[in-house]
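Visitor: Counting from 1, position 448 in the sequence shown corresponds to residue 449 in our numbering; the numbering is continuous, with no gaps.
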Amino acid sequence: MESLPSFATLAPTEPDRAALQAAYAAATTLAADPATPPSEAVQAWEAACRPARQWQSWTRLRFHQDTSDPARRDGRKRADVLEGELKKLDDTLLEALLARADRAALDDAVSPAVTARWAATRAGYSPAIADDLLAEEELAAEYIALKAAARIDFRGTEHSLVTLAKETVAADRGTREAAERARWSWFDANRGTLDDQFDRLVALRDGMAKTLGLPDFVALGYLRMQRIDYGRADVAKFREQVRTRLVPLADRLMRERAADMDVELRLWDEAIPGKKGPTPLVCGMDGLGDAGIGAFDRLDPAISAFYRELYGQGWMDLGARPGKAGGGFCTWMHDVRSPYVFCSGNGSSSDAKTLVHEVGHAFQCWSSREAPVSTCVFPTYESAEIHSMGLEHLAWPVLDAFFGERADDFRRDHLVRGLRFIPYGVAVDHFQHLVYENPTATPAERHAMWAELERTYMPWRHYGDLPHVSDGGYWQIQRHIYARPFYYIDYTLAQTCALQLWASSLTDHAGTMERYHALCQKGGTLPFQALCASGGLTSPFADGCLDAVVTGAEEWLASH
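(1) Between D336 and R51, which are expected to be in contact by the criterion C-beta below 8 Å, what is the C-beta distance as a whole number of angstroms?
(2) According to DSSP, is E15 part of a helix, a strand, or is it coil?
(3) So, for A97: in the same chain, excluding its five sequence neighbours on each side, which residues have a beta-carbon less than 6 Å away from its beta-carbon?
(4) May I have the straight-line CA-CA distance separating S368 from C521, to the nearest angstrom?
(5) What is the DSSP secondary structure of V342, counted as helix, strand or coil?
(6) Measuring CB to CB, does P541 end up less than 9 Å from T513?
(7) Quick check on the DSSP output: what are the complete beta strand (DSSP E) runs of length 3 or more inside the segment 305–387, in order along the chain?
(8) If R244 and Y458 are in contact, beta carbons under 8 Å, what's the gap, nearest whole angstrom?
(9) Spatial neighbours of T562 within its chain, please: C-beta separation below 6 Å, excluding the five flanking residues on both sides.
(10) In this structure, does DSSP put F529 in helix, strand or coil?
(11) May I have the straight-line CA-CA distance separating Q66 from A326, to the nearest angstrom?
(12) With H, G and I counted as helix, E and B as strand and the rest as coil, what does DSSP make of D154?
(13) Short check: CB of A385 to CB of A495, under 9 Å?
(14) Could you give the C-beta distance for G536 and R516, rounded to a whole number, given that I count them as a contact under 8 Å?
(15) Are the beta-carbon atoms of Y223 and F487 separated by less than 9 Å?
(16) Is it a yes or a no for the segment 105–117 touching the segment 437–455, going by three-plus beta-carbon pairs under 8 Å?
(17) At a cut of 8 Å, does the segment 389–402 reach the segment 201–208 through at least three beta carbon pairs?
(18) Which residues does DSSP pair with E159 in a beta bridge?
(19) Decide if A82 is buried, meaning its Cβ has at least 16 other Cβ atoms within 10 Å, or exposed.
(20) Under the three-state reduction of DSSP, which class applies to M286: helix, strand or coil?
(21) For W461, which of helix, strand or coil comes out of DSSP?
(22) Smallest Cα separation from N347: which of R104, L165, D466, T60?
(23) Assign H448 to buried or exposed, taking buried as 16 or more other Cβ atoms, counted over all protein chains shown, within 10 Å of its Cβ.
(24) Given Q365, which residues of its chain have a CB within under 6 Å of its CB, disregarding the five upstream and five downstream residues?
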């Protein structure tokens with residue numbers, strides 16, 4: 002494969018605004034000229050925006066790597082300002098491009114799905130909301146920084162929220178409960194700030210939707226997510242199938258887990274796979290990256306070559322540090338056309354899952370990196386999560402690289418967690434629909450909404466007397482609700498598809514890997530349901546979409 006430069010040598014410069022505007026003006030002129038093939042206009046657009054987008058990605062990444070650094074905070078703010086400027090420039094160019102009489106030629110150049118996504122982007126934007134968009138980014142960053150700055154004393158050691166999370170999955174039940182109590186006490190102490198941040202976000206988002214003439218932010222959220230082949234009615238149908246078909250199985254599995262441990266199930270028991278206790282990460286946090294080499298070398302030659310290059314050239318940041326944001330993501334350096342993997346591992350078993358997940362995103366981007374336009378590289382979010390969650394399941398045969406002799410224990414727990422996650426993810430999505438359909442709800446009313454959804458989708462969940470969460474506050478830990486609204490049902494749709502890949506891999510792993518590669522190479526050129534069909538996957542919106550998944554999971558669990 003093509004060699005990457007060392008990431009340490011990457012030093013993008015902030016774009017000169019006059020030069021950027023001139024390059025966009027030239028590309029827009031080409032887009033409006035009927036004598037110019039649309040492919041030329043698209044290439045000019047890419048040449049204009051790639052360096053600017055790369056500086057943005059690099060600057061935002063550096064902020065996540067150290068949210069406490071004033072210079073990086075300032076850089077992130079400038080990147081957000083640039084985002085508003087680019088949205089205006091993109092909107093003007095797209096207006097000219099989508100107005101062309103030779104729309105078929107444009108479709109041929111980038112695919113009909115991409116032009117439909119561009120149309121959705123235009124429908125969800127206007128210069129009239131530019132200031133609100135900037136304010137929204139600032140509020141989301143405040144939430145991220147607030148959590149990253151948390152310092153919690155636990156048994157004489159100072160923890161961040163990320164490092165404290167490891168204690169919530171400790172083998173000793175008393176330690177787990179105490180860690181959860183410490184974690185949620187921090188949220189309880191900051192509840193007023195968290196509620197105020199979300200109040201302002203809801204008001205901003207509802208106002209933007211009304212400015213655009215939309216009935217509510219749900220409609221705007223769907224446009225932002227570029228959902229071009231399904232709508233809220235389809236999502237509601239899927240949620241109902243989860244409630245009736247999957248919630249009973251997940252509830253039974255969690256009660257069996259409680260019986261195996263001989264406990265009354267509480268939040269601090271949910272992540273424990275049974276009486277054997279947590280599956281240890283035998284490679285340790287420091288050895289996680291090297292363990293990935295051993296795993297991918299045995300899994301697939303193409304993924305192995307890609308991973309070795311990415312890891313060897315420093316395009317990964319895997320461990321937690323003071324000031325570093327939590328979570329994991331894959332970002333894209335547009336000019337170099339390479340992904341970067343960001344994780345905040347704490348030494349728990351979930352670190353391996355997160356690494357494989359983000360490598361799935363990265364490999365998909367790399368597989369379609371030669372596409373003519375960036376929109377072709379990136380699928381819509383629910384499609385992108387098929388690649389990440391799919392790789393989690395396809396990596397099952399090599400998990401001993403991370404878990405040694407207890408790899409089977411992790412496999413079983415991974416499947417149970419995957420099944421249990423779908424109801425939680427659906428609850429997150431349902432909650433956001435309720436919030437934005439009722440934008441004047443009070444903080445107390447929102448917490449009550451969440452508590453009711455927990456009873457519907459997670460009937461096994463009990464908090465005891467933990468602060469904050471026992472009063473409906475669990476949702477405030479979920480970054481997506483604050484920073485990426487409506488980006489969550491995507492995980493559940495993708496998990497439904499990933500479990501289909503898992504079932505296929507049990508009898509034909511090599512053939513399923515070939516299907517996986519083909520899905521990755523398609524990038525963003527197909528809408529979600531068409532991408533599913535191309536890979537032989539049943540759409541999650543089809544009647545009975547969960548039947549085979551539930552049956553296959555029940556059979557595997559019964560035999561292992």
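Just so you know, even glycine gets a beta-carbon here, dropped at the ideal spot from N, CA and C.
Remember, predicted model here, so these are calculated numbers, not experimental data.
Guide: On the basis of the coordinates in this document:
(1) Sure, about 5 Å apart at Cβ, within 8 Å.
(2) Assignment of E15 by DSSP, reduced to helix, strand and coil, places it in the coil class.
(3) For A97, where only same-chain residues beyond five positions count, the Cβ hits under 6 Å are T29, A32, A33.
(4) So the alpha carbons of these two residues sit roughly 6 Å apart.
(5) Of the three classes helix, strand and coil, the one that applies to V342 here is strand, per DSSP.
(6) Taking 9 Å as the Cβ cut-off, P541 and T513 do not qualify as a contacting pair.
(7) Counting only runs of 3 or more, we get 317–320, 330–334, 339–346.
(8) Contact between R244 and Y458 holds, with the beta-carbon distance rounding to 7 Å and staying under 8 Å.
(9) Absent from the model: residue 562. The displayed extent of the chain is 2 to 561, so no value can be given.
(10) Secondary structure of F529 (DSSP, three-state): helix.
(11) For Q66 and A326, the distance between alpha carbons rounds to 6 Å.
(12) Strand, per DSSP.
(13) Yes, the Cβ-Cβ distance between A385 and A495 is below 9 Å.
(14) Yes, they are in contact, since the Cβ atoms of G536 and R516 sit about 5 Å apart, within 8 Å.
(15) The answer is yes: Cβ separation under 9 Å.
(16) The answer is no - the segment 437–455 does not touch the segment 105–117, with fewer than three Cβ pairs under 8 Å.
(17) In this structure the segment 389–402 does not lie against the segment 201–208, because fewer than three pairs of beta carbons, one per stretch, are closer than 8 Å.
(18) In the DSSP assignment, the residues bridged to E159 are D154.
(19) Residue 82 is actually Val in this sequence, not Ala. By the neighbour-count definition (other C-beta atoms within 10 Å, threshold 16), V82 is an exposed residue.
(20) The three-state reading of DSSP puts M286 in coil, since its state is none of H, G, I, E or B.
(21) The answer is coil: DSSP assigns W461 none of H, G, I, E or B.
(22) If we check each option's Cα against that of N347, L165 comes out closest.
(23) Burial is judged here by how many other beta carbons sit within 10 angstroms of a residue's own beta carbon; H448 has at least 16 and is buried.
(24) Answer for Q365: H388, C521, listed in chain order.
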